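The sequence shown finishes on residue 1032 if you use the numbering used here, and the numbering steps up by one all the way, no holes. Glycine residues also receive a C-beta, built at the ideal position from the N, C-alpha and C atoms. Here the structure is a predicted model, which means the values were calculated and not measured.
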Amino acid sequence: MSNFNPDTPPFIPTFLRQPAKIAMGDEGRGHVSLVQHRGCPLVFLIFGCRGAGKTTQSERLAKEYNLLQISSGDIYLERKQPFVELRKILLEEFGEGKERRFNGVVLDRFVAISEFDAFYIQSALDAVKLPVPFVFVLAIDPALAAERAGMRRDNKVAYQYWRAIEQKAQTVTGSAVYAPIGCLKTVRVTKEKTVEDVFGEIKTTIQTQLPVNPKSIKLPPAARCEAKGMKLIDNYEDYMELVVDVHAAVGNVSGRRDTAPLSTIGAYLDKEYFSFGHKNLRSLLSTFHVTLKADGQRYLFVKHKCYGYIGFPAAFTHCYDVNKLFEGVEMSCEVSPESQKFITDKKGHDRAVEILFDTELVIRDGNPVFYVLDYLYLGGLEGKQMRFEARLKVLRDFFGRLASATSAICLKDYVPINMLRTLMPKWQEAKIPIDGLVFQHGDVYKIGRDKFLVKWKPVEHCTVDFRLANGVLEGSQWIFELMVTDDVSENRGFGEIPYEGARATIPATVVHENLLCNGIIVELELMCGKGATEGEASPAATRWSFRGVRNDKPSPNKYSIVKKIVELKHLSLEELVELCEKIPFYGSS
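Here you go:
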């Protein structure tokens, strides 16, 4: 079964079916012809899947209006970073004092990872005083797109994962960034339409629907997802400098840097862990510390010598300057004499990064608070070299000194597994949303999936993050196939696979309200009443209901995690507390 079925009817998000409202400038209302735009440079951004004709239409736009065409695909082929090169090219052609040879710019693709790509684009445009782009979305039937891509040998199976990422990024960017300001137009691409027909519609839009005063239009503040005291770092070069420094602090100086160096939950706690038939699992229980799991957003908290305090969401596609939250706060990286023997990074004083905390960000009474789960790096101490009890002692010493200085960051309460009951009053009294428990093993910090890092959730909160695929409208419901990250097949380094037998049924009204489409990652809840498909060897046919959109997640849950959730032997909270009280704890704290 392929990732996307080319025979499936096309799924076009509802918001793309409506003509975009035209943003009005401060100095006027309505539309004007292109002639009146001669004094203002034109900037266009072309979206669409492979085979939609982005490059063809970009070239025509460039020729028709004397625009500089820049393709991120061409830059990728040169093994360069598109946003870095974009800034260089724009400064060369449109920088201060430069003689302008072009009337503007047409950008082919560029948004390929997340909606925050739009802010990296705008940062480069702002550097040369170019306006916000007007976006054309080339909407095409998937079968036709696959046929066209195949004709130029650009339809390889290995591309499908990145196509899903790109489709999701462009859809979210269109709906969250450009549609609210009226800078989005969908153009249908069909088998019956010629290239000239499509370009004719684009030209008509340019002549009749461009905003009066493009310079007055700004990207919507809401799309920046900034909490109080947090500022998006929209300069891509600054973002990449921080990314490189963060990975260098955990020892990655030459590998891939497109994911956050955080650990991820590897299993769910259920009755099997307490079974005498699973000695390995029972022995693991005796090493666990437990803490409350906040229903927040996973963040990598950074203290940097030059940039100060920085927050990276787990998706790692962007980061925030959070210095305003820590004005007047000095986080000393000095460690106790007892802990200095654990310092393994002898060059720590030369590193740009001083602290890396694994945290949960929660908005409490309107203010963001970082709840620290663990550390990866702290003044020369490396989490991957120290067992948890030693790390916990370092953290308690650190936050013992810091407690009175700030309320924007605090250490989570950890107790031995057999003391779980003592956390229950804190759960009931918590002023933040709690949706479960995290069981931390006693070994070193592991980046990536940690199969010994376990969580428990009430059955109603045991949800899964899937990627939607092959949506089909049946009456008033959309039926989606569900994609998971492949960690089981021989090709598990490839990307994503369907979770066989799994389907999501989502009302059309919910699809419309949440701007859902193929490629979007969503949080789904397992519905009751699942049954096996024909044949004993067949997997269970599972049905899932919608809980929310997960634009903060770069990829869906792994196959093995989803399988575990489907097969979980759930424990109630009281059952869990009683079983944990009987577990002997072999640690010292």
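Just tell me which of the options has its CA closest to the CA of residue i.
| i | options | result |
| --- | --- | --- |
| A692 | V527, E825, K900 | E825 |
| E968 | P997, T948, H955, N961 | T948 |
| K996 | K714, P756, V486 | P756 |
| E558 | H1013, K1001, I963 | I963 |
| V915 | V954, K900, Y942 | V954 |
| N546 | A666, G885, V887, L485 | L485 |
| E635 | C626, L488, E917, D584 | D584 |
| N678 | E872, Q565, I624, S515 | Q565 |
| K900 | V527, I513, P576, T734 | T734 |
| R864 | K748, K1025, A555 | K1025 |
| N861 | N913, C1023, D840 | C1023 |
| H747 | R794, H761, F487 | R794 |
| E832 | V887, V992, V812 | V887 |
| Y563 | E680, R606, A619, Y508 | E680 |
| P704 | K889, G885, A873 | K889 |
| A945 | G918, F909, V931 | F909 |
| G751 | Y763, R830, A758 | Y763 |
| K1001 | M926, E872, G754 | M926 |
| R700 | A758, A607, K722 | A758 |
| M550 | G516, T648, D713, G617 | According to the sequence provided, residue 550 is Leu. The question's Met does not apply to it. Taking only the C-alpha atoms, the option nearest L550 is G516. |
| A737 | V812, K1007, G694, V772 | V812 |
| R830 | K722, S1031, I753 | S1031 |
| E770 | I852, T760, I798, H732 | I852 |
| S779 | T760, G754, L724, K836 | K836 |
| A586 | R493, E644, F923 | R493 |
| R591 | T499, Q524, E539 | T499 |
| R543 | P525, K572, E521 | K572 |
| F487 | F579, E536, I532 | F579 |
Less than 9 Å separating the beta-carbons of residue i and residue j?
| i | j | result |
| --- | --- | --- |
| S1036 | Y519 | For the chain, the structure presents residues 444 to 1032; residue 1036 sits outside this window and is missing. |
| K646 | P574 | no |
| T802 | Y820 | no |
| Q610 | N961 | yes |
| L866 | L854 | no |
| L838 | M774 | no |
| T849 | L768 | yes |
| R990 | V1009 | no |
| V638 | R503 | yes |
| A570 | L534 | yes |
| R807 | I877 | no |
| F731 | H904 | no |
| E943 | D929 | no |
| S782 | D713 | no |
| G918 | K827 | no |
| I660 | I753 | no |
| W605 | A670 | no |
| N994 | A607 | no |
| V796 | V632 | no |
Under the assumption that residue i contacts residue j (Cβ atoms under 8 Å), give the Cβ distance between them as a whole number of angstroms.
| i | j | result |
| --- | --- | --- |
| L581 | I489 | 7 Å |
| V527 | G672 | Not really, about 29 Å apart at Cβ, beyond 8 Å. |
| G822 | E777 | 7 Å |
| V931 | S1003 | 6 Å |
| L911 | L959 | 6 Å |
| R834 | Y818 | 6 Å |
| L653 | F577 | 6 Å |
| D560 | T616 | 7 Å |
| A495 | A588 | 6 Å |
Tell me, please, which residues DSSP counts as bridged to residue i.
| i | result |
| --- | --- |
| T734 | V881 |
| S514 | D551 |
| L854 | V815 |
| H747 | G751, V796 |
| G891 | S706 |
| E924 | A912, R946 |
| A582 | R631 |
| F577 | F487 |
| K572 | DSSP, once it has assigned bridges, lists no residue as partnering K572. |
| Q740 | L804 |
| W899 | L880 |
Quick check: is any heavy atom of the ligand GDP less than 8 Å from the C-beta of residue i?
| i | result |
| --- | --- |
| F785 | Ligands displayed in this structure: none; no statement on the ligand GDP is therefore possible. |
query: Pairing CB atoms from the stretch 1001-1016 with CB atoms from the stretch 619-633, are three or more of them under 8 Å?
result: no
Three CB pairs or more closer than 8 Å across the stretch 882-899 and the stretch 696-715: The stretch 882-899 is in contact with the stretch 696-715.
query: Can at least three beta-carbon pairs, one atom from the stretch 884-896 and one from the stretch 739-758, be found at a separation below 8 Å?
result: no
task: Kindly confirm or deny that the stretch 660-669 and the stretch 711-721 touch, where touching means at least three C-beta pairs closer than 8 Å.
output: Fewer than three beta-carbon pairs drawn from the stretch 660-669 and the stretch 711-721 are found closer than 8 Å, and the two stretches are therefore not classed as touching.
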